[in-house]
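Peer 1:
Number of protein chains: 2
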Amino acid sequence: MIVETLAVGTELLLGQIVNSNASTIGALLADAGLDHYHQMVVGDNVERVAADIQLALSRSDALIITGGIGPTQDDLTREAICLAVGVPMVRNDEYADRLRNWWERRGREMPESNLRQAHHPEGAELIRNPKGTAPGLKLKVGDRWVFAVPGVPAEMVPMVERDIVPFLMSESGVGGVVVSRLLRSWGESESKVGELLSDLYDEHRNPTVAFLASSGEIKIRLTAKASDESTAYELIRPVEAEVRSRMGSKIFGADDETIERVLFDGLAANGWSIATAESATGGMIVSRLTAIPGASEFVIGSVVAYDVAVKESVLDVSAALVAEHGVVSEPVAVAMADGAAKRLGADVVISVTGSAGPDPLGASVGTMVVGVHTPHGTKARSLHMPGDRERVRVYTTTAALHMARLAIAGEWWDALPDRWTQPKAK
Amino acid sequence: MIVETLAVGTELLLGQIVNSNASTIGALLADAGLDHYHQMVVGDNVERVAADIQLALSRSDALIITGGIGPTQDDLTREAICLAVGVPMVRNDEYADRLRNWWERRGREMPESNLRQAHHPEGAELIRNPKGTAPGLKLKVGDRWVFAVPGVPAEMVPMVERDIVPFLMSESGVGGVVVSRLLRSWGESESKVGELLSDLYDEHRNPTVAFLASSGEIKIRLTAKASDESTAYELIRPVEAEVRSRMGSKIFGADDETIERVLFDGLAANGWSIATAESATGGMIVSRLTAIPGASEFVIGSVVAYDVAVKESVLDVSAALVAEHGVVSEPVAVAMADGAAKRLGADVVISVTGSAGPDPLGASVGTMVVGVHTPHGTKARSLHMPGDRERVRVYTTTAALHMARLAIAGEWWDALPDRWTQPKAK
């Protein structure tokens, strides 16, 4: 079963957005053991979209089209399918009613243009969109398949993952299942992880070993194919054990155990609450924590002390301490964490003071000091983060969450990698 | 002059990396006024790469291939060009000597595999790579052109920007330019904007009109082609004026005037500072504001009062008020904004209290109350946001920034769209 993808949207050609959908779908197809040889991008031009659909149907068994199925005039994927395949457009009255009801329930009148979403090429089935109003399409063309899904990743992913990929797997008749195990690590660079595991990468074809870097964490994905799930897990188990034995506590979780979840588990085990006191990260840490459903069980809140006056007035950091050590310093990070613990009544506090640039604030840009207060004590450590302002903030946020996890576990930070704790050469 | 791109690399198909090169080159081509209708991605398979090269040469005037020209066995772009075009591979002895010297100067022996980089399809010129050892290729095929550059962005960009694009511009002889104008709007749905502007979309081919939705904002892109920049702007001007007259104050900025920048401009005009007092958005608003370089000129900080106790202890929201109106209510949002203004010493405060789900906190999930304190007064308004927790938080953050912009301008929120202020039917 060969599958290819076609992303529709002039904004992709103009470089206004990156086609991350192709990459997401590529990973899902690879995990499912489906072949995938071509990805295409085309603009909002009905003839060119239709020509690309015909091309895909001439060389692949299935085509997944992303984008161009919204309500506006430049959403012309439906028309292009009709043109490519030679079927008329029909209107789905049931879906038109559902759309009208959706708008009515919200007490709003539906713009007539939204009815475009209730049209589809004759013979197409609708695929439910759990996150939006534009349904996906599924159309059989001879012995081949065309699917169309929205370009918005949050809507596209569940439709491809839950409907399209399982359908293509069963259609491909290979049988068997593909099981993936995601091991999550923090504290080593991607190249170091690659080195540590390079023989596993070279030797293992089932499970395969793959690496994925994101915001300072490295994920190791083990993917096995077998006749059934438990056999696939049996194949993964010894390789997972080997990865864990080589990486030790650098592996902090598996599958959906994100750092936020692991951190909350640590708090729950101790019956502790958490808060943050942020300067350079400007609320990113508390924002990541509160993004998790159920955060209110653990998160008290935060004082974002962007202005130094707030550090003094709300967090009780003394002006003398700031004058002596500088605002970007370990003593100030400790005082911020202790001050927030008292002011907000939290058991654990993550504090950050630093220079994300462009203004160095008396420290070199990229110097970020993370402090953690727990009922067992407060410590702070200076990190030296590479990159631009956004990268420094994101990587520091991830590092701070991991440092809090380690502090809660009583391990603190002796094993923190040198590359972050050593100052950059001047 | 129609140009297309082909990215070579199985890692792209597997989703291990995203094809950001296509987006980078797309933006360079658009700026240069070169047409660009297709982007392709193919794996490390010489026959398939060759077939895609032939396809591109059948429909475009020039093809830029990224990737597959390094020294390892899976770098087979050179072989694929030979196969597609029907020319033999030849060795460039001069380049082979330069490669040997490069390694000798570093006191290392050259791996023999590196000599692959000194081979090229007969007739090709080499393009200098200022950042690496793999040269680019430039080959005329009939009246068309094939270019190959490395896949590493740092090596690819200078070669495309300084060599390939200027060459194609002079070759195309048009000498024209393409100018884009991005109008940013907030307060109408994508379908409503599409309806309002549908005749402009249908009638105008120069400039073209396109829509792009992101997190509650709708961007309208006008793109004109002309012999020079000022003529292109002349073409855009009347269409922009028409869009602005139909959308009124719903258009809040153009090009790189993001809501954060427009908000900061409003603060600067009044000499005001800003802070936030956030519950349901959990720090997202202050995090977005502090993401902007220069934020420290305006942003004082934030109190993230996730726990109701913090609303009372730090923001001085009275327990009686919370008991009377509920924590998700306009009076509480007003009290939070006023309390934070006093506590943090800020002129303007954005406050949010609401239920992002799954716990409704006494209000229906998706009910978000935004308050804004300015030196002229404090108001709050309940919004009803559709979608899941993440979507509610993101859309509320955008809405809150816009409501602060309108409050600072003294307009407040009479024109706020019904679809957000009407409660959902139960």
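Going down the list, the protein sequences come from chains A and B. Residues in the first sequence are numbered from 1 upward in steps of one, following our numbering. Residues in the second sequence are numbered from 427 upward in steps of one, following our numbering. A virtual CB, placed ideally from N, CA and C, is assigned to each residue, including glycine.
#1: Taking C-beta to C-beta, are A731/B and V725/B nearer than 8 Å?
#2: Could you give the DSSP three-state label for L787/B: helix, strand or coil?
#3: So, are the CB atoms of T793/B and S808/B less than 8 Å apart?
#4: Identify the continuous beta strand (DSSP E) that holds R647/B and give its terminal residues.
#5: Pop quiz: A363/A and V328/A are said to be a contact at Cβ under 8 Å. What is the actual Cβ separation, rounded to whole angstroms?
#6: Tell me which residues of the segment 65 to 80 of chain A have at least one Cβ-Cβ distance to chain B shorter than 8 Å, keeping chain order.
#7: What is the DSSP secondary structure of I834/B, reduced to helix, strand or coil?
#8: Contact criterion: CB-CB distance below 8 Å. Does Y659/B meet it with respect to chain A?
#9: With distances taken from CA atoms, which of G194/A, V303/A, V90/A is nearest M336/A?
#10: How many angstroms separate the CA atom of V583/B from the CA atom of A456/B?
#11: Keeping to the same chain, check which residues put their C-beta closer than 8 Å to that of R48/A; ignore five residues upstream and five downstream.
#12: Along chain B, which residues have their Cβ under 9 Å away from the Cβ of Y395/A?
#13: Which term fits P358/A, buried or exposed, when burial requires 16 or more other beta carbons within 10 angstroms of its beta carbon?
#14: Using a C-beta to C-beta distance shorter than 8 Å, which residues of chain B count as neighbours of Y201/A?
#15: For I776/B, return the contacting residues in chain A, with the cut-off set at a CB-CB distance below 8 Å.
#16: If you measure from the beta carbon of S446/B to each beta carbon in chain A, is any gap under 8 Å?
#17: If we require 3 or more residues per run, which beta strand (DSSP E) segments fall completely within the segment 304 to 356 of chain A?
#18: Are the C-beta atoms of Q442/B and some chain A residue less than 8 Å apart?
#19: Tell me whether the beta-carbon of A254/A lies closer than 8 Å to the beta-carbon of L183/A.
#20: Measure from the C-beta of A425/A to each C-beta in chain B and report whether the shortest distance is under 8 Å.
#21: Going along the chain, which residues of the segment 461 to 478 of chain B sit with their C-beta nearer than 9 Å to a C-beta in chain A?
#22: Identify the continuous alpha helix (DSSP H) that holds L14/A and give its terminal residues.
#23: When Cβ atoms are compared, which residues of the segment 160 to 179 of chain A fall closer than 7 Å to chain B?
#24: Spatial neighbours of A745/B within its chain, please: C-beta separation below 7 Å, excluding the five flanking residues on both sides.
#25: For K140/A, count neighbouring C-beta atoms within 10 Å of its own C-beta (all shown protein chains included) and say buried if the count is 16 or more, exposed if not.
#26: Determine, using beta carbons only, whether A456/B comes closer than 8 Å to chain A.
#27: Is it the case that the Cβ atoms of R393/A and A291/A are separated by a distance below 8 Å?
#28: As a quick exercise: from A433/B, G435/B, Q442/B, pick the residue whose alpha carbon is nearest that of V209/A.
#29: If we define contact as Cβ-Cβ less than 8 Å, is P633/B a contact residue for chain A?
#30: Does the distance from the C-beta atom of F264/A to that of W186/A stay below 8 Å?
#31: What span of residues does the beta strand (DSSP E) with E278/A cover, start to end?
#32: Would you list, in chain order, the members of the segment 262 to 291 of chain A that have their beta-carbon closer than 9 Å to a beta-carbon of chain B?
#33: Does P358/A have its Cβ less than 8 Å from a Cβ in chain B?
#34: Only counting runs of 4 or more residues, tell me where the alpha helix (DSSP H) segments fall wholly within the segment 87 to 111 of chain A, in order along the chain.
#35: So R672/B contacts chain A; which residues on that side make the cut at Cβ distance below 8 Å?
#36: Counting only beta-carbon separations shorter than 8 Å, does P293/A have a partner in chain B?
Peer 2: According to the structure shown:
#1: no
#2: coil
#3: yes
#4: 643 to 652
#5: 4 Å
#6: G70, P71, T72, Q73, D74
#7: helix
#8: Judged by the 8 Å Cβ criterion, Y659/B is not in contact with chain A.
#9: V303/A
#10: Rounded to whole angstroms, V583/B to A456/B spans 15 Å at the Cα level.
#11: V42
#12: The premise fails here: Y395/A is roughly 14 Å from chain B at the closest Cβ pair, so nothing lies under 9 Å.
#13: exposed
#14: What Y201/A touches in chain B: nothing, since even the nearest Cβ is about 12 Å away.
#15: Against chain A, the beta carbon of I776/B has no neighbour under 8 Å; the closest one sits roughly 12 Å away.
#16: Interface with chain A (8 Å Cβ-Cβ cutoff): S446/B is included.
#17: 348 to 354
#18: yes
#19: yes
#20: Note that A425/A scores a pLDDT of 45, beneath 50, so its modelled location is shaky; the value from the coordinates is reported in the next line. It does not: the Cβ of A425/A has no partner Cβ on chain B nearer than 8 Å.
#21: Correct list: H462, Y463, H464, Q465, M466, V467, V468, G469, N471, R474, A477, D478.
#22: From DSSP, L14/A is part of no alpha helix (DSSP H); its letter is neither H nor E.
#23: none
#24: E738
#25: exposed
#26: yes
#27: no
#28: Closest by alpha carbon: Q442/B.
#29: no
#30: No; because the gap between Cβ atoms is not below 8 Å, this pair is not in contact.
#31: 274 to 278
#32: Residues are counted here when their Cβ sits less than 9 Å from a Cβ of chain B; for the segment 262 to 291 of chain A these are S273, A275, T276, E278, S279, A280, T281, G282, G283, M284, I285, V286, S287, R288, L289, T290, A291, given in chain order.
#33: yes
#34: For secondary structure counted as the alpha helix (DSSP H) over 4 or more consecutive residues, the segment 87 to 111 of chain A holds these complete runs in sequence order: 93 to 105.
#35: Here the premise fails: no neighbours, minimum Cβ distance about 15 Å.
#36: yes
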